[in-house]
Structures are given as structure tokens and as C-alpha cells.
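Colleague:
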Amino acid sequence: MLLRVVGDLSESHMSVSAIELWWQSAGPPTVVFQTMGRIWQLGLVNAWRDLQQAGHQLPSLPRFLVAHNRSRVENILKERPASFVILTMRHEHAKSFLVNLMSLKDRFPTAGFAVVAPRGHVLEGICREYGAHCVVSSPRELKKVAIWLAWHLRRLPPILNNPRAQIWDRLPWSQWDSRKNMASSS
Numbered sequence: 000m001l002l003r004v005v006g007d008l009s010e011s012h013m014s015v016s017a018i019e020l021w022w023q024s025a026g027p028p029t030v031v032f033q034t035m036g037r038i039w040q041l042g043l044v045n046a047w048r049d050l051q052q053a054g055h056q057l058p059s060l061p062r063f064l065v066a067h068n069r070s071r072v073e074n075i076l077k078e079r080p081a082s083f084v085i086l087t088m089r090h091e092h093a094k095s096f097l098v099n100l101m102s103l104k105d106r107f108p109t110a111g112f113a114v115v116a117p118r119g120h121v122l123e124g125i126c127r128e129y130g131a132h133c134v135v136s137s138p139r140e141l142k143k144v145a146i147w148l149a150w151h152l153r154r155l156p157p158i159l160n161n162p163r164a165q166i167w168d169r170l171p172w173s174q175w176d177s178r179k180n181m182a183s184s185s
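Counting in numbering that gives the first Met the number 0, the sequence shown runs from 0 upward without gaps.
1) Looking at the strands, I want to know which residues DSSP matches up with Ala81.
2) Return the CA-CA distance between Asn45 and Leu76, expressed in angstroms with no decimal places.
3) Helix, strand or coil: how does DSSP classify Phe112 here?
4) Would you mind giving the Cβ-Cβ distance between Pro27 and Arg106, rounded to the nearest angstrom? I have them listed as a contact below 8 Å.
5) Grab me the residues of Pro58's own chain with a C-beta within less than 8 Å of its C-beta, minus the 5 sequence neighbours each way, in chain order.
6) What number of angstroms, rounded off, separates the C-alpha of Leu64 from the C-alpha of Thr87?
7) Does Pro156 pass the burial test, meaning 16 or more other C-beta atoms within 10 Å, or should it be called exposed?
8) Consult DSSP for Val30 and reduce its assignment to one of helix, strand or coil.
9) Find out if the Cβ-Cβ distance for the pair Ala145, Trp47 is shorter than 8 Å.
10) Compute the Euclidean distance between the alpha carbons of Ala110 and Gln33, then round it to the nearest angstrom.
11) Keeping to the same chain, check which residues put their C-beta closer than 8 Å to that of Ser136; ignore five residues upstream and five downstream.
12) Starting from Phe96, trace the alpha helix (DSSP H) both ways and give me its first and last residue.
13) How would you call Met35, buried or exposed, if buried means at least 16 neighbouring beta carbons within 10 angstroms?
14) According to DSSP, is Val144 helix, strand or coil?
15) What whole-angstrom Cβ distance do Val31 and Ala66 have, given they're in contact under 8 Å?
16) Ignore the nearest five residues each way along the sequence and tell me which others in Asn74's own chain have a CB closer than 7 Å to its CB.
17) With burial defined as no fewer than 16 other Cβ atoms inside 10 Å of the residue's Cβ, what is the status of Ala53: buried or exposed?
18) As a quick exercise: from Phe112, Glu140, Pro138 and Arg139, pick the residue whose alpha carbon is nearest that of Arg127.
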């Protein structure tokens, strides 16, 4: 009896938590590419379609954004903390790259990360330890990234999967919108 009364009280006095309010103010997740060239974007779209044709139930593919430097990646993650980021690692900057990866993972724990590294790079395991879901070296390996992207999107709270916000985000004029929160208008 007491459990039923407590259950009735909790349902009738539902409140929005601070975390839910924070999620509502964030933009929908995107895929952020720090890689050069559209071949990676097209490869991910093709890998996503291949998974769908194989019968996998996938969420809709989010909008793609390109960030050519770390500060742009950080700005996008501040606006869209649940995004999936594909970073590029170069041989000569491996140490600073790993420090940056760890810093981004610590500052944006809801973001997902994949790494594009030169073929035969020996730091693949270390990249995973520092927070990358997977490491690839060729656009032909983007099926692994697509699988991790799908996993990342499925683990996000439903509040971020607002179809109106995702559609609005894909419209060409959404970046100039004065409204920051599509979720509050529904």
C-alpha cells in the first residue's frame, strides 16, 4: 500500500531535473569531422546505408559539421555536447594529439570519439585507452565508425532525439535562428 501511494505521489509531482534542462538547451548531436576531404563524409554515409540495408535498425544520421582546428571542435562541442567527433592524428603530433583527446573526453564526457590515424600507427591501443571508440586509417574502414556512431546515438537520452530539432538543424537557415531551444517550443 505504501509503495502504491509513494508511486502515485512521484508520478503526480514530476519535475524537470537540472540535467534534463541542460539537455534541452543543447543542440542536437552532430558528426564533427576534423578530417580533410569529403571522402570521409561520403564513406560514412555509404557505411551507414550498408548497415541499414543489412537490416540494422539505426537512428537517423545526424548533421555533419567540419572543424579544421581544435578550437572549432571545442566550440561545436560546447553547443552540442553529445556529438560524435572524428579526429585526425598525424605522426609528428602524436603526443599533443593524445593530450588533446584526453582533455576533450574529460571536458565533454557525453561526446563520442573516433580517430583517423596513418596506416600502421602503433598508438591505436593508446587512443582507445584515452577515450576513442575506434581508430581507422582508411575510408574503407568506416563501417567500424558507423557501428560506433549508432551505438553512441542509441545511448543518448530521448530528449536529444527530438525530430523537430533534428529537422530544424538540417535547414539552411537554422544557424541564424534567434531561438536556442527547439525543445521548449514543442
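Note that beta-carbon positions come from the ideal geometry of N, C-alpha and C, so glycine has one too.
Modeller: Looking at the coordinates:
1) Paired residue(s): none; Ala81 is not in a bridge.
2) 25 Å
3) strand
4) Actually they do not touch by this definition, with Cβ atoms about 19 Å apart.
5) Ala149, Leu152, Arg153 and Asn160
6) 14 Å
7) exposed
8) strand
9) yes
10) 14 Å
11) Val115, Ala116, Pro117, Arg118, Gly119 and His120
12) Ala93 to Arg106
13) exposed
14) helix
15) 5 Å
16) none
17) exposed
18) Phe112
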